[in-house]
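Residue numbers (numbering that gives the first Met the number 0): 0 to 479.
Quick reminder that beta carbons are idealized off the backbone N, C-alpha and C, glycines included.
What follows is one structure encoded as structure tokens, with my remarks underneath.
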Amino acid sequence: MFPKEFLWGGALSAPQAEGAYDVDGKTLTIPDCHVYNDKNDRKVTKQVQLNRGAIEEAKVSTERKFPKRWGIDFYHTYKDDLKLFKEMGFKVFRYSISWARILPQGDYNVNEKGLEFYDQLIDEIISNDMIPLITISHFDFPIVLVDKYSGWYSRELIDLYVHYCKILFDRYKDKVKYWITFNEINMSIKAGQKTLGILNEGQENYEQMLFQGLHHQFVAAAKVTEYAHSLNADLQIGSMVAYFTTYAHTCNPDDAFAMLQEDQMKNQFYLDVLNKGEYPYYSWTYMKNRGIELVLEKDDLSIIAAHPADFVGMSYYNSMISASDTAGLELTNANVHSVFKNPYLPANDWGWQIDPVGLRYTLNHVYSRYKKPIFILENSSGFFDKLEDDGTIHDPYRIQFLNDHIKQMGLAILDGVDVIGYTMWGPIDMVSSSTSEMSKRYGFIYVDQDDLGNGSKKRIRKDSFFWYQTVITTNGENII
Ligand code: BG6
Numbered sequence: 000m001f002p003k004e005f006l007w008g009g010a011l012s013a014p015q016a017e018g019a020y021d022v023d024g025k026t027l028t029i030p031d032c033h034v035y036n037d038k039n040d041r042k043v044t045k046q047v048q049l050n051r052g053a054i055e056e057a058k059v060s061t062e063r064k065f066p067k068r069w070g071i072d073f074y075h076t077y078k079d080d081l082k083l084f085k086e087m088g089f090k091v092f093r094y095s096i097s098w099a100r101i102l103p104q105g106d107y108n109v110n111e112k113g114l115e116f117y118d119q120l121i122d123e124i125i126s127n128d129m130i131p132l133i134t135i136s137h138f139d140f141p142i143v144l145v146d147k148y149s150g151w152y153s154r155e156l157i158d159l160y161v162h163y164c165k166i167l168f169d170r171y172k173d174k175v176k177y178w179i180t181f182n183e184i185n186m187s188i189k190a191g192q193k194t195l196g197i198l199n200e201g202q203e204n205y206e207q208m209l210f211q212g213l214h215h216q217f218v219a220a221a222k223v224t225e226y227a228h229s230l231n232a233d234l235q236i237g238s239m240v241a242y243f244t245t246y247a248h249t250c251n252p253d254d255a256f257a258m259l260q261e262d263q264m265k266n267q268f269y270l271d272v273l274n275k276g277e278y279p280y281y282s283w284t285y286m287k288n289r290g291i292e293l294v295l296e297k298d299d300l301s302i303i304a305a306h307p308a309d310f311v312g313m314s315y316y317n318s319m320i321s322a323s324d325t326a327g328l329e330l331t332n333a334n335v336h337s338v339f340k341n342p343y344l345p346a347n348d349w350g351w352q353i354d355p356v357g358l359r360y361t362l363n364h365v366y367s368r369y370k371k372p373i374f375i376l377e378n379s380s381g382f383f384d385k386l387e388d389d390g391t392i393h394d395p396y397r398i399q400f401l402n403d404h405i406k407q408m409g410l411a412i413l414d415g416v417d418v419i420g421y422t423m424w425g426p427i428d429m430v431s432s433s434t435s436e437m438s439k440r441y442g443f444i445y446v447d448q449d450d451l452g453n454g455s456k457k458r459i460r461k462d463s464f465f466w467y468q469t470v471i472t473t474n475g476e477n478i479i
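Listed below in structure tokens is the structure:
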């Protein structure tokens with residue numbers, strides 16, 4: 000099912016893995032201020048909402064309640080961790096760079112120490128025979144930019160981001176071919192703080208602020224794509240959404256229309272702007288109906304039109320249903336959203352519904368719309384794992400989940416979809432983005448560490464480690 004050159008691998012992010020939050024000049028980021036979320040909240044989608052007070056408190060707090068500050072200490076363990084990825088045969092490794100490590104004051108003063116870390120990391124990825132795929136901004140917004148500019152709401156962020164990207168492209172243009180401008184840019188409206196650094200403090204025009212910040216990101220993405228291509232036309236600059244696949248609750252045409260509109264504003268809007276280079280008609284209508292008026296500068300729309308992304312990047316975790324009349328429908332979680340339950344699907348312990356066929360559906364749906372290569376940048380599910388007394392971890396549920404999704408990805412390739420790679424999310428356990436806990440594990444590699452960071456941090460291969468190794472060495476022939 001898989002082409003010979005298919006890029007198998009895995010993906011991590013700096014704020015969930017790296018730790019070393021105040022080492023070598025790095026300053027605080029939004030995730031560094033996320034407090035560990037109590038287990039009782041698991042079944043409820045609860046966005047971590049930081050306000051100014053919580054940030055000021057976090058700045059001076061010495062309590063060990065911010066797990067992302069320490070992550071899994073990848074800053075110090077990356078050499079050994081990369082060896083384990085190599086042992087599984089990864090052809091590509093996706094990782095994010097921390098803006099606050101490169102530009103700790105958010106201005107134009109570069110922190111050489113920060114760059115040196117990524118110099119070494121990228122060299123190490125390459126020397127382990129993996130292709131580096133870099134996410135430039137992965138839910139990792141520097142607090143200094145919240146303080147000085149109110150996040151992406153300020154237009155000045157465009158120049159600051161372009162400056163940051165130029166540093167990276169100039170330095171790594173000969174080593175890194177694949178780049179993602181913004182992780183899951185479609186989280187912006189639902190989780191504006193995570194992606195845009197815009198705090199929700201009850202502002203009346205908060206939604207307007209989010210759309211304005213998002214517009215600045217669209218312009219910035221186009222500008223840096225232009226710059227990257229001017230350096231080297233072969234650089235591949237990708238867009239990325241978390242695809243929130245949705246089905247009509249019934250065959251009632253009203254439900255089908257509700258589904259269409261939900262797909263438009265949760266997914267397609269972002270991919271249309273980034274890949275087709277234009278704001279789609281339905282997005283102007285949506286904004287108008289909500290009283291949102293974007294402030295545009297003269298060349299914004301032409302810049303967006305001139306520099307679309309080279310490929311479609313997407314994460315796929317779960318699906319949802321849309322209905323015109325939602326009375327009586329039960330809610331469950333889908334990443335940042337609360338969605339209606341699909342009675343045909345099981346869910347994990349966090350309520351994220353498991354839908355492998357949805358991946359084939361989504362790949363066909365997206366490819367027919369954009370006709371660009373698709374890179375699956377994240378896919379997996381959080382599970383509880385048990386470390387047995389003999390030091391082993393048996394995780395058939397993870398193997399089942401991934402087998403079923405990879406199979407549907409293979410079928411989509413047979414359908415004719417151009418899928419170029421698959422970076423499974425979280426090949427080594429790390430801190431959960433939404434709940435800041437360790438217990439929600441994704442890895443093929445177990446990290447002996449609890450929710451508050453206690454433990455030996457020893458790395459242990461789970462059963463799925465050997466299974467994924469076989470997936471890669473046989474190019475998917477063990478998928479059943
Ligand atoms: C994606 C993010 O939305 O979901 C990742 O890009 C995140 O950063 C992943 O880890 C899974 O979410 P969680 O909350 O289970 O870590």
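Beta-bridge pairing of residue i - partner residues as DSSP gives them
i, result
"histidine 336", "Ala333"
"valine 91", "Gly8 and Ile130"
"methionine 319", "Thr245"
"alanine 346", "Gln352"
"phenylalanine 382", "Arg440"
"tyrosine 445", "Ile459"
"threonine 28", "Pro141"
Limits of the beta strand (DSSP E) - the one that residue i falls within
i, result
"methionine 239", "235-241"
"glutamate 377", "373-377"
"methionine 437", "Where methionine 437 is concerned, there is no enclosing beta strand (DSSP E), given that its DSSP letter is neither H nor E."
"methionine 429", "No beta strand (DSSP E) holds methionine 429; DSSP gives it neither H nor E."
"methionine 423", "418-424"
"tyrosine 177", "177-179"
"arginine 458", "458-460"
"isoleucine 392", "Unbroken run through isoleucine 392: none, as it is neither H nor E."
"phenylalanine 168", "Taken as a continuous stretch (DSSP letters only), phenylalanine 168 belongs to no beta strand (DSSP E), being part of the alpha helix (DSSP H) at 155-171."
"methionine 313", "310-314"
Cut-off 6 angstroms between Cβ atoms - residues of its own chain near residue i, not counting five sequence neighbours on either side
i, result
"arginine 463", "The sequence shown places serine at residue 463, not arginine. Answer for serine 463: Asp394, Arg397, Ile398 and Phe443, listed in chain order."
"asparagine 453", "none"
"leucine 83", "Ile444"
"alanine 19", "Tyr74"
"threonine 469", "Asn477"
"leucine 410", "Arg359"
"leucine 132", "Val91, Arg93 and Tyr177"
"tyrosine 467", "Met87 and Phe443"
Nearest-angstrom Cβ-Cβ length linking residue i and residue j, presumed shorter than 8 angstroms
i, j, result
"isoleucine 471", "tryptophan 151", "Going by Cβ atoms, the distance from isoleucine 471 to tryptophan 151 rounds to 38 angstroms, so no, they are not a contact pair."
"glycine 420", "phenylalanine 5", "7 angstroms"
"serine 12", "histidine 214", "About 24 angstroms separates the two Cβ atoms, so there is no contact after all."
"phenylalanine 243", "histidine 336", "7 angstroms"
"arginine 289", "glutamate 206", "6 angstroms"
"tyrosine 369", "asparagine 274", "5 angstroms"
"isoleucine 166", "isoleucine 101", "6 angstroms"
"valine 218", "isoleucine 302", "6 angstroms"
"leucine 209", "isoleucine 188", "5 angstroms"
"valine 311", "serine 238", "6 angstroms"
"asparagine 363", "tryptophan 349", "That pair is no contact at about 27 angstroms."
"asparagine 199", "glutamine 192", "7 angstroms"
"threonine 224", "alanine 308", "7 angstroms"
Residue i, enclosing alpha helix (DSSP H) - first and last residue
i, result
"valine 223", "205-230"
"methionine 258", "252-262"
"methionine 408", "395-414"
"glycine 105", "Counting along the chain, glycine 105 falls outside any alpha helix (DSSP H), and DSSP gives it neither H nor E."
"methionine 186", "Counting along the chain, methionine 186 falls outside any alpha helix (DSSP H), and DSSP gives it neither H nor E."
"glutamine 192", "191-195"
"glutamate 55", "51-59"
"methionine 286", "280-288"
"alanine 305", "299-305"
"glutamine 15", "13-16"
Own chain, CB closer than 7 angstroms to residue i, minus 5 neighbours either side, in chain order
i, result
"phenylalanine 268", "Pro279 and Ser282"
"valine 356", "Gln407"
"phenylalanine 1", "Gly409, Ile412, Asn474 and Gly475"
Contact set for residue i: own chain, Cβ-Cβ below 8 angstroms, skip 5 residues either direction
i, result
"lysine 456", "Ile71, Asp72, Thr76, Val446, Asp447 and Gln448"
"isoleucine 256", "For clarity, residue 256 is phenylalanine in the given sequence; the question names isoleucine instead. Hits under 8 angstroms: Ser323."
"methionine 129", "Gly8, Leu81, Phe84, Lys85, Phe89, Lys90, Val91 and Phe92"
"lysine 147", "Gly105"
"lysine 64", "Val34, Tyr35 and Leu451"
Neighbour flag for residue i against chain B, beta carbons, 8 angstroms
i, result
"arginine 51", "Here there is only one protein chain, and chain B is not present."
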